[in-house]
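Enquirer: Pasting in a structure now, in structure tokens, and then I'll have a few things to ask.
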Amino acid sequence: MIDSQWLSFSFTPLAVAFGIALVFGCAGLAWMAIRRSGFKRSHVALEMLRVLLALLVAIAISQPEWLQQFLPFEEPVVAVLWDESASMQTQDIIVPGQESSTAFSRLDSVQPLIDPAKWEQFAGILTIVIQPFSSSMASPKQGSDLNAALATMLEKHANLRAVVMISDGSWNIGSSPTESATQLRIKNVPVYTVGVGSETALPDIEVASLDAPTFGVVNKPTRIPFSITSTLARDARVSVELSSTDGDRITGEYTIPANGVLQEAFVWSPKKVGEYSLKLTVPPSEGERFTANNSIETPISIRVESLKVLVVESYPRWEYRYLRNALLRDPGVEVACMLYHPDLEGVGGGKDYLEEFPQTLDELSKFDVIFIGDVGVGDGQLSAQDCRRIKGLVENQATGLIFMPGFRGRQLSLVETELADLFPIVFDLAQPRGWGNTIPAQFQLTEAGSQSLLTKLADSPEANTSVWRSLPGFQWYAPVLRAKVGAQVLAVHSTESNENGRVPLLATKTFGAGKILFMGTDAAWRWREGVEDKYHYRFWGQVARWMAYQRNMAGGESMRLFYSPDRPRTGETLSLNANVMALDGEPLQNGSVNVQVVAPSGNTQSVKLSPQIDAGQWGLFSGFFVPEENGEHHVTLSCRETGAMINTTISVQGREREKIGRPVNLEVLREIAAITRGKLVAADQMGAIINEIGALPEPEPQIRRIRLWAHPIWAGTILLLLTVFWIGRKFVGVI
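Quick note on numbering: our numbering labels position 159 of the sequence shown as 163, and the sequence is numbered without any gaps.
Set out below in structure tokens:
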């Protein structure tokens, strides 16, 4: 409402002097003109108009403004915001002198602070708005959006006097709260933050993650990595149990370091096909204050799998023969071999041999894994077109590729083809035939290799290291200088090194959607010595399944869906890729391919996959999705042009945003208070905040300024009078 209004001028000595001179000058000219006209009435009116124009211009120079003062329609508002997110369930509030008793939760300690009776002294003076906040998610208490809570108050209440925010500072959703804090600072609205909770973490052991793959193969070992964190002040010896819904149980004894992290893995061999749930459990430890996070579950699908593998080789060396036998004897692998034997007129041999390398994309895209042995480019070997197809298959259809060079050095010619970018290592081109050893050498696992499923030849880390040390050695290795940037080295030469360090012999990398493995010796077949197939078959079986894992996530007759990472976390970008075939069996070049994702809460989101221009011949469509909820997401991939559809599930395990037992984050609350010129206090200092709010000065009334001198009506009036003055002078015959 308007309280008062008045006219204001901005007088300056120069403006006043100029205005007076202008008016008196025009008045003098007017008097002279009137006398010359003999005091004719028309001339008198015309000269008075001249003086009026001069007066209006003189007034405009002093910048006249019409001011209106407004008082607010509503009482000043004080917003009391209290955090109701899940982290407020942390029981870390201990009454002084009662340390031995049960601690109160942060939420319990908030209740007295939001009791309307605590604020009744402001009745009739201030309007107290008490409101909880968390986030706008489907499960709102599983997140804290401090910025949105402050912004909402700013939008709802025009006469906001102050904000009291009671929270543990657990900000994990939305924009930075400094954005709203800055807007409140501009409005002169202080935010008083009240930190609730302990500044030190509770003594706790938490199962942080269980990163099982999305699917496994029946009767094949599946590696289940997990991590456990501890905030105990001492090392904790715990018994960890992995159990499945079919009754299988695996246990292990581990030591979790004080205030540290344990990262280990179980190896589970499922006996039946089906959908399972795996649960990792850690029993409570002495002194642990919170036990609800001592277990975690994740789903896994167990399948009977048939992988299609293509082995390309020149001479049938021992490495090739035993590899072929290992794959042929694996019931989950279907093998095709392409043998470019230079001493034979044709190629091939048994029923698993091909007459020629697959010549069409449709033929080649059937293979999940391709082994390339001591084969290069040239007559009676691969062609440049073959190499281009292999690269496209790896990059766009997630096919696995394994390089297995030999002492003839033919594979080095592939460096001149499009396969050059796929090698995880750099060859020494000056030594194409590699290096030989008189004394057998050993593989030495790197730290990454000791954790990898590919090199897991025994169930425990200690036994696995012992196995690799005892494996029969090799007497030839490929001419490798170093690993490329982005490659992961799993094993190096036990003795040989160069200026780049130990020579890498087992290395992996990703290229596009596919995975690549480089094996730098040709003596893995010797691992059968004394143990037959025990290690040799296990190694190559693990390799084949690891290479084809992503490609076989979900598929149908004419489309395939694969995604990365395979175990996404909430808030993490999930890359979705689909290979789609047209009705004629050729890769779909362009079309409407969509993924519909139904979250555990029922929220549905549609993701349109875009065709990849550079990969159009492979029918690759890609898109992105960011899951916001934990749990099973039901996914449907569909193509409008073909009518094809496949369904699968993506398990978003991730970490909970709202952690129980974490210390209060005072830095966030302190920054909000500092920006808005408020104050950060503890819960028991609430009285000081109430007193400060009561002493806040009345907000200054809003002033509305109407700039008359710059108003269109003022300018239009002067222009109109000038026009009348000019026409009048012509009318009376002055000009």
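The beta-carbon is built from N, C-alpha and C at its ideal position, and this holds for glycine as well.
Note that the structure is predicted; figures quoted are calculated from it, not measured.
Is the distance from the Cβ of residue 315 to the Cβ of residue 337 below 8 Å?
Expert: In the sequence shown, residue 315 corresponds to position 311, counting from 1. In the sequence shown, residue 337 corresponds to position 333, counting from 1. No, they are not a contact pair.
Enquirer: Determine the burial state of residue 125: buried for a count of at least 16 other Cβ atoms within 10 Å of its Cβ, exposed for fewer.
Expert: Here residue 125 refers to the residue found at position 121 when the sequence shown is read from its first residue. Classification for residue 125: exposed.
Enquirer: Name the residue from 636, 681, 548 whose alpha carbon lies nearest to the alpha carbon of residue 218.
Expert: Here residue 218 refers to the residue found at position 214 when the sequence shown is read from its first residue. Closest by alpha carbon: 636.
Enquirer: Between the C-alpha atoms of residue 472 and residue 444, what's the straight-line distance to the nearest angstrom?
Expert: Reading the sequence shown from its first residue, position 468 is the one you call residue 472. Reading the sequence shown from its first residue, position 440 is the one you call residue 444. Taking the straight line from one Cα to the other gives about 14 Å.
Enquirer: Rounded to whole angstroms, what's the CA-CA distance from residue 67 to residue 12? Just pull it up for me.
Expert: Within the sequence shown, the letter at position 63 stands for residue 67. Within the sequence shown, the letter at position 8 stands for residue 12. Their Cα atoms are separated by approximately 8 Å.
Enquirer: What is the rounded straight-line gap between the Cα of residue 463 and the Cα of residue 509?
Expert: Locating residue 463 in the sequence shown gives position 459, where the first residue counts as 1. Locating residue 509 in the sequence shown gives position 505, where the first residue counts as 1. Cα to Cα, the separation comes out at about 23 Å.
Enquirer: With distances taken Cα to Cα, identify the nearest neighbour of residue 252 among 299, 306, 484, 274.
Expert: Within the sequence shown, residue 252 is the residue found at index 248, counting from 1. For the residues 299, 306, 484, 274, the minimum Cα distance to residue 252 belongs to 274.
Enquirer: Do you know whose CA, among 646, 434, 419, 436, lies nearest residue 428's CA?
Expert: Translated into the one-based positions of the sequence shown, residue 428 becomes position 424. If we check each option's Cα against that of residue 428, 419 comes out closest.
Enquirer: Tell me whether residue 170 sits in a helix, a strand or coil according to DSSP, three-state version.
Expert: Along the sequence shown, read from residue 1 onward, the residue named residue 170 stands at position 166. Residue 170 falls in the strand class under three-state DSSP.
Enquirer: Just reading off the alpha helix (DSSP H) that residue 254 is part of, what are its end residues?
Expert: The count along the sequence shown starts at 1 and reaches residue 254 at position 250. No alpha helix (DSSP H) contains residue 254, which is instead part of the beta strand (DSSP E) from 253–260.
Enquirer: Taking 8 Å as the cut-off, decide whether the C-beta atoms of residue 88 and residue 138 are in contact.
Expert: Working through the sequence shown from its first residue, we reach residue 88 at position 84. Working through the sequence shown from its first residue, we reach residue 138 at position 134. Yes.
Enquirer: Three or more beta-carbon pairs under 8 Å between the region 170–182 and the region 671–678, yes or no?
Expert: yes
Enquirer: Taking all protein chains shown into account, decide if residue 449 is buried (16 or more other Cβ within 10 angstroms of its Cβ) or exposed.
Expert: Locating residue 449 in the sequence shown gives position 445, counting from the first residue. Under this definition residue 449 is a buried residue.
Enquirer: Please give the ranges of any beta strand (DSSP E) in the region 613–642, keeping only runs that are unbroken, at least 3 residues long and fully inside the region.
Expert: 624–629
Enquirer: Tell me residue 186's beta-bridge partners as DSSP assigns them.
Expert: As a position in the sequence shown, residue 186 is number 182, starting the count at 1. Checking the DSSP bridge columns, you'll see residue 186 has no partner listed.
Enquirer: If the criterion is Cβ atoms closer than 8 Å, does the pair residue 439 and residue 483 meet it?
Expert: In the sequence shown, residue 439 corresponds to position 435, counting from 1. In the sequence shown, residue 483 corresponds to position 479, counting from 1. Yes; because the gap between Cβ atoms is below 8 Å, this pair is in contact.
Enquirer: To the nearest angstrom, how far is it from the Cα of residue 710 to the Cα of residue 31?
Expert: As a position in the sequence shown, residue 710 is number 706, starting the count at 1. As a position in the sequence shown, residue 31 is number 27, starting the count at 1. Their backbone Cα atoms lie some 30 Å apart in a straight line.
Enquirer: Taking Cβ positions, are residue 319 and residue 378 nearer each other than 8 Å?
Expert: Here residue 319 refers to the residue found at position 315 when the sequence shown is read from its first residue. Here residue 378 refers to the residue found at position 374 when the sequence shown is read from its first residue. Cβ atoms of residue 319 and residue 378: closer than 8 Å.
Enquirer: Which residues in the same chain have their Cβ closer than 7 Å to the Cβ of residue 397, if we skip the five residues on either side of it in sequence?
Expert: Within the sequence shown, the letter at position 393 stands for residue 397. Cβ within range, chain order: 368, 369, 403.
Enquirer: Tell me which residue opens and which closes the beta strand (DSSP E) that residue 196 is part of.
Expert: Taking the first residue of the sequence shown as position 1, residue 196 is located at position 192. Its beta strand (DSSP E) spans residues 195–199.
Enquirer: Only counting the same chain, and skipping five residues up and downstream in sequence, which positions put a Cβ closer than 6 Å to that of residue 565?
Expert: Within the sequence shown, residue 565 is the residue found at index 561, counting from 1. Only 558, 582, 641 meet the Cβ criterion.
Enquirer: What do you reckon, are the CB atoms on residue 248 and residue 196 nearer than 8 Å?
Expert: To locate residue 248, count along the sequence shown from 1; it is residue 244. To locate residue 196, count along the sequence shown from 1; it is residue 192. Taking 8 Å as the Cβ cut-off, residue 248 and residue 196 do not qualify as a contacting pair.
Enquirer: Could you check whether the region 215–234 touches the region 192–206, counting it as contact only if at least three pairs of C-beta atoms, one from each stretch, sit closer than 8 Å?
Expert: no
Enquirer: Of all the beta strand (DSSP E) runs that stay within the bounds of the region 34–100, which reach a length of 3 or more residues?
Expert: 69–74, 81–87, 95–97
Enquirer: Check for me: the alpha helix (DSSP H) holding residue 455 runs from which residue to which?
Expert: Here the question's residue 455 lines up with position 451 in the sequence shown. Where residue 455 is concerned, the enclosing alpha helix (DSSP H) stretches over 451–455.
Enquirer: Is the region 300–310 touching the region 257–265 in the sense that three or more CB pairs, one from each, lie closer than 8 Å?
Expert: no
Enquirer: With distance defined between alpha-carbon atoms, name the residue in 603, 604, 584, 602 nearest to residue 595.
Expert: Position 591 of the sequence shown, counting from 1, holds the residue named residue 595. The candidate whose alpha carbon is nearest that of residue 595 is 584.
Enquirer: Considering only the alpha carbon of each residue, which of 359, 331, 327 lies closest to residue 342?
Expert: If you number the sequence shown from 1, residue 342 lands on position 338. Residue 359 is the option with its Cα nearest to residue 342.
Enquirer: How close, in whole Å, do the beta carbons of residue 664 and residue 93 come, if the pair is a contact with beta carbons under 8 Å?
Expert: The residue given as residue 664 occupies position 660 in the sequence shown. The residue given as residue 93 occupies position 89 in the sequence shown. Confirmed, Cβ separation roughly 6 Å.
Enquirer: Using 8 Å as the threshold, is the region 482–500 in touch with the region 548–555, meaning 3 or more CB pairs across them?
Expert: no
Enquirer: With burial defined as no fewer than 16 other Cβ atoms inside 10 Å of the residue's Cβ, what is the status of residue 244: buried or exposed?
Expert: For the purposes of this step, residue 244 is taken as residue 240 along the sequence shown, with counting starting at 1. It is buried - the Cβ of residue 244 has at least 16 other Cβ atoms within 10 Å.
Enquirer: Roughly how many angstroms separate the alpha carbons of residue 98 and residue 119, rounded to a whole number?
Expert: The residue given as residue 98 occupies position 94 in the sequence shown. The residue given as residue 119 occupies position 115 in the sequence shown. Spanning the two alpha carbons is a distance of roughly 21 Å.
Enquirer: Can you list the beta strand (DSSP E) stretches of 3 or more residues lying completely in the region 305–380, in chain order?
Expert: 311–317, 337–343, 373–376, all fully within the region 305–380.
Enquirer: With burial defined as no fewer than 16 other Cβ atoms inside 10 Å of the residue's Cβ, what is the status of residue 606: buried or exposed?
Expert: Start at 1 with the first residue of the sequence shown, and residue 606 comes out as number 602. Answer is exposed; the Cβ neighbour count stays below 16.
Enquirer: Please report the residue range of the alpha helix (DSSP H) in which residue 272 lies.
Expert: On the sequence shown, position 268 is the one that residue 272 refers to. Not the alpha helix (DSSP H): residue 272 falls in the beta strand (DSSP E), residues 265–272.
Enquirer: Using the C-alpha atoms, what's the distance from residue 284 back to residue 3?
Expert: What the structure shows of the chain is the stretch from 5 to 739, and residue 3 is not part of that stretch, so it cannot be assessed.
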